[in-house]
Amino acid sequence: MRAGLRTYWRLLVAGFRQQSTYRLAALGGLIANATFGFLKVAVLFATVRAAGGQLNGYDQASMSAYIWLSQGLLGSVNLHGRSDIADRIKDGQIAIDFLRPLDVQGASVVTEVGKALFALIPRGIPSVLLGVVFVGMSMPSTPLPYVLGLLSVILGITIGCTSVYLVATAGFWMIETRGVQVLYMIVSGFLAGLFVPISLFPTWLRVLAEATPFPSMMMYPIDVLSGRADTFESLQLVGLQVFWLALTGLVGHSLTSAGRQKLEVQGG
Amino acid sequence: MVDLLTREAGGTTRGRLAPYTAVLASRMRAQRSYRANFRIDLGSSILIGFIELAEVWVLFHNVHSLGGVTFIQVLLVFGIADFCFSLADLAFGHCDNLPTYLRAGTLDVFYLRPQPLLLQLIASDISLKRLTRAAVGLTCIVIALIANDIDWSVAKVGLLALSVVSGIGVCSAMFVWAAGLQFFLINGAEMTNAFVYGGRYAATQPAAVWTRPLKVVFGFFFPMAFIAYLPVLQLLDLPGPEWLPSWLGWCTPVAAIWSWAMALIFWRWGVRHYRGGGG
Chain A
487 MRAGLRTYWR LLVAGFRQQS TYRLAALGGL IANATFGFLK VAVLFATVRA AGGQLNGYDQ
547 ASMSAYIWLS QGLLGSVNLH GRSDIADRIK DGQIAIDFLR PLDVQGASVV TEVGKALFAL
607 IPRGIPSVLL GVVFVGMSMP STPLPYVLGL LSVILGITIG CTSVYLVATA GFWMIETRGV
667 QVLYMIVSGF LAGLFVPISL FPTWLRVLAE ATPFPSMMMY PIDVLSGRAD TFESLQLVGL
727 QVFWLALTGL VGHSLTSAGR QKLEVQGG
Chain B
251 MVDLLTREAG GTTRGRLAPY TAVLASRMRA QRSYRANFRI DLGSSILIGF IELAEVWVLF
311 HNVHSLGGVT FIQVLLVFGI ADFCFSLADL AFGHCDNLPT YLRAGTLDVF YLRPQPLLLQ
371 LIASDISLKR LTRAAVGLTC IVIALIANDI DWSVAKVGLL ALSVVSGIGV CSAMFVWAAG
431 LQFFLINGAE MTNAFVYGGR YAATQPAAVW TRPLKVVFGF FFPMAFIAYL PVLQLLDLPG
491 PEWLPSWLGW CTPVAAIWSW AMALIFWRWG VRHYRGGGG
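Those protein sequences? They're chains A and B, same order as listed. Per the numbering used here, residue 487 is the first one in the first sequence, and the count goes up by one each step. Per the numbering used here, residue 251 is the first one in the second sequence, and the count goes up by one each step.
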């Protein structure tokens, strides 16, 4: 068991390192994050002003925190639906992965989490700093939201990876999954609260969003980290995240077994 | 004799275009071959349009007007911008694949063929699903034109047509501009996404909400405000915000010329800079 865990740890580190080689890509990502961030500041600040300085509990300072935290998380939370494992399923290399003494789903998710965690360094932290320096934002002054927030961010990133893994498993049956991936990309960003916080949604749309795992990838970590949710609410949100992680993980596990059987029937 | 001449002339044009049409037709057939995927593709491209509209609508659901315009007014901005971008994406969106070709070294193949590089790149794929995107934009334009109180005149009809054509020009130029930069960036495509897709997002916004630096960047340098926002101000007889007077709505062709000049300069630099993939 200990040897097994060490393997997954190494995969996590490998994913982290792999990403560190793309420095220019990280800089490009940061520039894109910042550009979208300033555009979001313009339109969302105008909305708060038009509503009289206060909108569903957001003032400009807390809206700024939402904007820059969401831009910071964008490089790490997979809202585009692409993953390396999807390519391996498409070209059949997945058959080799099944022969290895490793859980295919576990290995894939852990590698992707490693990559995502790296992105926090060149993209996440600088995006938030840009917001602090150029726009200003309200952040909590006690340590607890940061501790819970860190946990919530890691959970959010992992839920992103387990959900994208589900998209990839569609490939066992569909071969070409780009359509599903694009569909995921469109729906996930909107419902995760990427452009507009979900508390500004009309009630029916908010209920719809909360019935999906998407808010737990980005909106909940932001609410916890920015102190918008108090301690009790934060614990509830983290609890919800654990639920979504378990659910997406379990569904991914059964889809993997079913896909493996399909491969074996086909003699792949 | 005349007949023979015209037929021959026609033959040569067709002959010259034949490689492009053959490639395009095969790409269209290829897209339809994975049927389930193709259907999902078409469905999701309509959904993209709706969700992008929903992102604008959700804000207006909370407040009556934003940057001096109401939802039904911004719908016209959104419609024109979305329509122009979708059509530009249909023709030039494939330039986005340049980084993949550069990394894999497969761009060298394009250099071997006796056709202009940019034309080959444009003709290497055409995404049918992008047509459904354009349909969403067009629907928004039609609804907004009916719902808004527009004091129609010949000049305004002309302005609308001029803006749409020039707007497609501006959006297309962004793709070529970005592609030209890829030769230098390699793997830094996200840097150009900032103005291609950030620009798309900017073009659908009421530019009155922008800060001064944003007005410089997306008002003039990448002239996204010219695609839809400024012409709509003219159409609806609305005053412009600071730095963006509404008469600029007539200047979208100037914005298109400026964008294409920059796009072609960067493209030429890029092509000259390229030293091959070592293939």
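From the three backbone atoms N, C-alpha and C, an ideal C-beta is built for every residue, glycine too. The model shown is predicted, which means the values in this text are computed figures rather than measured ones.
- Taking the Cα positions, ILE301(B) is about 10 Å away from SER295(B).
- Separation of the CB atoms of ASN564(A) and ALA593(A) is rounded to 16 Å, and the pair is thereby denied contact status at 8 Å.
- Using a Cβ-Cβ cut-off of 8 Å, GLY448(B) is close to ALA518, THR521, PHE522, LEU525 of chain A, given in chain order.
- When C-beta distances to chain B are compared with 8 Å, the residues of the segment 678 to 693 of chain A below that value are PHE681, VAL682, LEU686, PHE687, PRO688, LEU691, in chain order.
- The alpha helix (DSSP H) runs lying completely inside the segment 582 to 640 of chain A and spanning 4 residues or more are 590 to 605, 611 to 616, given in chain order.
- The segment 608 to 616 of chain A makes no contact with the segment 696 to 715 of chain A; the number of CB pairs closer than 8 Å stays below 3.
- For the pair ILE322(B) and ALA411(B), the CB atoms are not nearer than the 8 Å cut-off.
- Taking 8 Å as the threshold, the shortest C-beta distance from TYR270(B) to chain A does not fall below it.
- Looking at the backbone, the Cα of LEU630(A) and that of GLY622(A) are separated by about 21 Å.
- Scanning chain B for C-beta atoms nearer than 9 Å to the C-beta of LEU541(A) yields ASN312, VAL313, reported in chain order.
- Residues ILE372, SER422 of the same chain have their beta carbon placed closer than 7 Å to that of ALA341(B), with the five preceding and five following residues left out of the count.
- Straight-line measurement puts the Cα of ARG380(B) at about 30 Å from the Cα of LEU498(B).
- Proximity of chain A to ASN437(B) at the Cβ level (cut-off 7 Å) is accounted for by TYR508, LEU510, ALA511, in chain order.
- When Cβ-Cβ separations below 8 Å define contact, MET704(A) makes no contact with chain B.
- In this structure the segment 451 to 464 of chain B does not touch the segment 357 to 373 of chain B; the number of beta carbon pairs closer than 8 Å is below three.
- For THR689(A), no pairing in a beta bridge is given by DSSP.
- Counting only unbroken stretches of 4 or more residues, the alpha helix (DSSP H) elements lying wholly within the segment 477 to 520 of chain B are 479 to 485, in sequence order.
- With a threshold of 16 other beta carbon atoms within 10 Å, LEU491(A) falls short and is exposed.
- Counting of Cβ neighbours within 10 angstroms places ILE391(B) among the buried residues, the total reaching 16 or more.
- Sequence-distant partners of PRO707(A) (beyond 5 residues in either direction) whose C-beta falls short of 6 Å from its own C-beta, in its chain, are SER638, VAL639, GLY642.
- GLY317(B) has its alpha-carbon roughly 19 Å from the corresponding atom of ILE400(B).
- GLY387(B) is positioned such that its CB atom lies closer than 8 Å to that of SER336(B).
- Three or more Cβ pairs closer than 8 Å define a contact, and the segment 502 to 513 of chain A meets that threshold against the segment 435 to 446 of chain B.
- Taking a 10 Å sphere around the C-beta of ASP332(B), we find 16 or more other C-beta atoms and assign the residue as buried.
- DSSP places HIS311(B) in the uninterrupted alpha helix (DSSP H) bounded by 285 to 312.
- Counting only Cβ-Cβ distances below 8 Å, MET278(B) has no contacts in chain A at all, with the closest Cβ about 16 Å away.
- Annotated three-state conformation of VAL324(B) is helix, per DSSP.
- Using a CB distance below 9 Å, the part of the segment 367 to 400 of chain B facing chain A consists of LYS379, ordered along the chain.
- Per DSSP, reduced to three states, the secondary structure at VAL407(B) is helical.
- Under DSSP, SER315(B) shares a beta bridge with THR320(B).
- It is roughly 8 Å from the alpha-carbon of MET660(A) to the alpha-carbon of ALA286(B).
- Contact annotation: the segment 559 to 576 of chain A touches the segment 656 to 671 of chain A, with at least three C-beta pairs closer than 8 Å.
- Per the coordinates, the alpha-carbon of LEU525(A) lies some 11 Å from the alpha-carbon of THR454(B).
- Below 8 Å, too few C-beta pairs join the segment 527 to 540 of chain A and the segment 583 to 592 of chain A to call them touching: fewer than three.
- For the segment 662 to 673 of chain A, the residues whose beta carbon sits under 8 Å from a beta carbon of chain B are, in order, GLU662, THR663, ARG664, GLY665, VAL666, VAL668, LEU669, ILE672, VAL673.
- Among the residues of chain B, none has a CB under 9 Å from the CB of THR698(A); the nearest is roughly 14 Å distant.
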